[in-house]
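A quick write-up on the structure given underneath.
In the numbering used here, the protein residues as written are 46 to 163.
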């Protein structure tokens, strides 16, 4: 995420430095992508689901091809990496639950054996 954010930040620096453009338009882009920390916060927004406003702003201010860059980021990072992480957590949870089931079955068998001996 940080590498992709730094790439976006560097690619828009030319737009932010262009004095022929409106200060208001450049300020809107700067609010989301003007510094490293602003870009990282925006990348977290993109990752967590609020990706339409930042991407539409880039598409309307800088160029429509920025929409494809954001879709590429969402596809690669959000779907792939986040889903792999979620799958890892689910696998570990299932493994822990299976161990709990085995312990419960062993306890139940011991109780049955103790009751049978009485």
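Even glycine gets a Cβ: it sits at the ideal position worked out from N, Cα and C.
Here the structure is a predicted model, which is why all the values come from computation and not from measurement.
Simplified DSSP state of residue 50, which is helix, strand or coil
helix
Practice task
Please confirm if the segment 104 to 114 is in contact with the segment 46 to 62, defined as three or more CB-CB distances below 8 Å between the two stretches.
Solution key: yes
*So what does DSSP say about residue 64, is it helix, strand or coil?*
coil
Quiz prompt | Anticipated Cβ contact below 8 Å, residue 16 with residue 74, distance rounded | solution = Here the chain comprises residues numbered 46 to 163, so residue 16 is not present and cannot be evaluated.
State yes or no: is the C-beta of residue 47 within less than 8 Å of the C-beta of residue 85?
yes
Open item on the list: So, does the segment 128 to 148 touch the segment 90 to 97, judging by three or more C-beta pairs under 8 Å?
Closed with: no
Beta-carbon contacts of residue 103 that lie in its chain and below 6 Å, excluding the five residues immediately before and after: The residues are 111.
| request: Kindly indicate which three-state DSSP category residue 95 falls into: helix, strand or coil? | output: coil
Q.
What does the Cβ neighbour count give for residue 99, buried or exposed, with the cut at 16 atoms within 10 Å?
A. buried
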